[in-house]
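Q: Residue numbers (my numbering): 10 to 271.
Okay, handing you the structure first.
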Amino acid sequence: MSGDLILVEKQGNICTLTINRPEKRNSVNPETLLQLGDTLNSLKEDGETRVIIIRGSGESAFSSGYDIGRLGGGTSEPEGPRRDAFKYCLDSIQDFPYPVIAMIYGYAVGGGLEIAVTCDIRLAADTARLGITPARLGVVYSAAGVNRFLNLVGISHTKELFYTGRIIDAERALDIGLVDHVYPVEELHRAAYELAQEIAHNAPLTIRGIKTTVSKLLKRTAPGPEDEAELARLQAEAYRSDDLKEGQKAFLEKRKPRFTGH
């Protein structure tokens, strides 16, 4: 399975899914996202899996975010295949009937961090670095994505993370509730599996019921149709902008972007 974008390893009732693009710091593209979503959905039906662990290949990155080379600029359709694949993947994590744990080594940035935020529990190595960076690219983030951060870290921390695009260390992430536990890098793997085993030994129907209840309660905060229309307009405006092109170019050239607001 070495050619797969998602590696699958089963140990009893625990299944580890590894984002397997180490040469790209485990950045994701539509193919990776769709394969992760498909894998999760197939595991729903196996009757054995009680806990999922998601990680990145190696220890340099959980996921460095969406592959910038695949991010289209100058289009009025931000909700095209790219976002559809993201939504499918994130919905598959959220709708998986049992807990999903993010095991975070290295960088978890942008869409990679949103994957971790969508998981039920986040464990990070003390060397982890986390950030949400659309402001550095000129992208207006989706309402569903922002809402996930609001539910996890609250209004003030969400605004600071999105406004600054700052990359924070694991201890700061723990302080604001972005991750649940931080471990020395050499202890993270053991800690994640001990937690997974503890959960897997509990009553399956209870665990399913708790996850479903929490998911239903969180959905009460979704924006209404008028708000969705306004947010879609803002996203389309950003995706047509010169600033998005400049943000992508600056990222690829490893320099600070020169935004104009157009």
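All residues carry an ideal CB built from backbone N, CA and C; glycine is no exception.
1) Are the Cβ atoms of Ile177 and Gly140 separated by less than 8 Å?
2) With a CB to CB cut of under 7 Å and the five nearest residues on each side skipped, what residues in its chain are close to Arg34?
3) Of the residues Glu40, Asp100, Val188, which one's Cα is nearest the Cα of Thr136?
4) Please return the same chain residues whose Cβ sits closer than 8 Å to the Cβ of Cys3, not counting the five positions on each side in sequence.
5) Report the partner residues of Val60 according to the DSSP bridge assignment.
6) Using CA coordinates, which residue listed in Ser165, Ala200, Ala201, Leu204 is at the minimum distance from Gly186?
7) Hey, how far is the Cα of Thr27 from the Cα of Arg242?
8) With DSSP run on the structure shown, which of helix, strand or coil describes Ser3?
9) For Gly256 and Thr167, what's the separation of their Cα atoms in angstroms?
10) Nearest-angstrom Cα distance between Ile77 and Pro106?
11) Check this for me: beta carbons of Tyr75 and Val37, under 8 Å apart or not?
12) Can you tell me whether DSSP reads Arg138 as helix, strand or coil?
13) Between the C-alpha atoms of Ala245 and Ser101, what's the straight-line distance to the nearest angstrom?
14) Taking Val37 as part of the beta strand (DSSP E), name the residues at either end of that continuous run.
15) By how many angstroms is the C-alpha of Pro213 removed from the C-alpha of Gly21?
16) With 16 as the cutoff for other CB atoms within 10 Å, does Ile219 come out buried or exposed?
A: Once the coordinates are examined:
1) In this structure, Gly140 lies closer than 8 Å to Ile177 by Cβ.
2) Cβ within range, chain order: Ser69, Ala70, Ser73, Tyr116.
3) Looking from the CA of Thr136, the closest CA among Glu40, Asp100, Val188 belongs to Val188.
4) Lying before the first or after the last residue shown, residue 3 is absent from the chain, which here runs from 10 to 271.
5) Looking at the DSSP assignment, Val60 forms a beta bridge with Ile23.
6) Here the closest residue by C-alpha is Ser165.
7) When rounded, the distance between both Cα atoms is 35 Å.
8) The requested residue 3 is not part of the displayed model; the chain covers only 10 to 271.
9) Gly256 and Thr167: Cα-Cα distance of roughly 21 Å.
10) Using only the alpha carbons, I get a separation of about 32 Å.
11) Going by C-beta atoms, Tyr75 is nearer than 8 Å to Val37.
12) Look at Arg138 here: in three-state DSSP terms it is strand.
13) Those two C-alpha atoms are separated by around 25 Å.
14) Taken as a continuous stretch (DSSP letters only), Val37 belongs to no beta strand (DSSP E), as it is neither H nor E.
15) Approximately 14 Å, taken between the alpha carbons.
16) Result: exposed.
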